[in-house]
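In this note's numbering, the protein residues as written are -19 to 225.
Every residue, glycine too, gets a C-beta built ideally from N, C-alpha and C.
Here the structure is a predicted model, which means the values were calculated and not measured.
Heads up, the thing below is written out as structure tokens.
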Ligand code: UDP
């Protein structure tokens, strides 16, 4: 797979369908792997945290989530196949899993949310098996590991604890969990459960989903202000090859 390097993070240049095909081959082969969906905020965290950078760059799939990554690739003259939003990848993967009767475990979000998300996904994609679910507010990670293993394991685990908690959880615990593929998917369970809504299509098409989320949740402003800083760093990288840091 071709990659595009953005401030040290190596994104895969794949379409959503290609990403699903890679993921399904992994699951069928029962080879362990994981998927990350970094946005500019996570790229920035990686720049200051070598372990996180290592985890992200060793993922089976590093998908460009967010219009900021697409702009960055354009500025740096790097080739990507467009944005692959984590939640859209997740839904397409679930659809493919359902056709093969695969098992999904949902980990994350507030109590009850993962359960509702699972129920909704099973209704929408007959054939999918919900292996189990667990909220994301555990005090001991072993609780979550045991919850997955005690239900007989799964083909895929959606780990939705927010970044970088979910990436760290995957790196630290995936070897102890009976599952093939782990996907770090942020707030996706809230959307699948109907607790949070994605932006209307027009915002998504115009690359303004971030703006819609800001309108709905003005407290995100602190996080959003990182985007202009991120793009400035990318421009510096382009002009000075990173020497201007
Ligand atoms: N979350 C969790 N455990 C925690 C902190 C957060 O399960 O200790 C969940 C939170 O309830 C939400 C998700 O992680 O469902 C993070 O959502 P956010 O929108 O911040 O993530 P993004 O999609 O922006 O990465």
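The beta carbon of residue 215 is closer than 8 Å to those of 55 in its chain, skipping five residues each way along the sequence. The closest CA to that of residue 153, considering only 109, 120, 7 and 177, is found on 120. Shortest gap from the CB of residue 24 to any heavy atom of the ligand UDP: 7 Å or more. Beta-bridge partners assigned by DSSP to residue 74: none are found. Counting only runs of 3+ residues, the beta strand (DSSP E) found wholly inside the stretch 104 to 159 occupies 109 to 114 and 134 to 140, in chain order. The DSSP assignment places 20 to 27, 30 to 37 and 47 to 56 as complete runs of the alpha helix (DSSP H) inside the stretch 13 to 64, in order along the chain (cut-off: 4 residues). The secondary-structure analysis by DSSP pairs residue -17 across a beta bridge with -8. Those residues that have a beta carbon less than 6 Å away from any non-hydrogen atom of the ligand UDP are, in order along the chain, 88, 89, 90, 116, 117, 140, 141, 142, 143, 145, 166, 167, 169 and 170. Listed in chain order, the non-local C-beta contacts of residue 35 below 6 Å within the same chain comprise 147 and 151, local neighbours out to five positions each way being set aside. Within the same chain, Cβ atoms closer than 6 Å to the Cβ of residue 127 are found at 114, the five residues on either side in sequence being excluded. For residue 133, the closest alpha carbon among the candidates 112, 140, 141 and 90 is that of 112. The beta-carbon distance between residue 2 and residue 42, rounded to whole angstroms, is 11 Å. This is too long to meet the 8 Å contact definition. C-alpha of residue 51 to C-alpha of residue 18: approximately 14 Å in a straight line.
With a threshold of 16 other beta carbon atoms within 10 Å, residue 144 meets it and is buried. Under DSSP, residue 102 shares a beta bridge with no residue.
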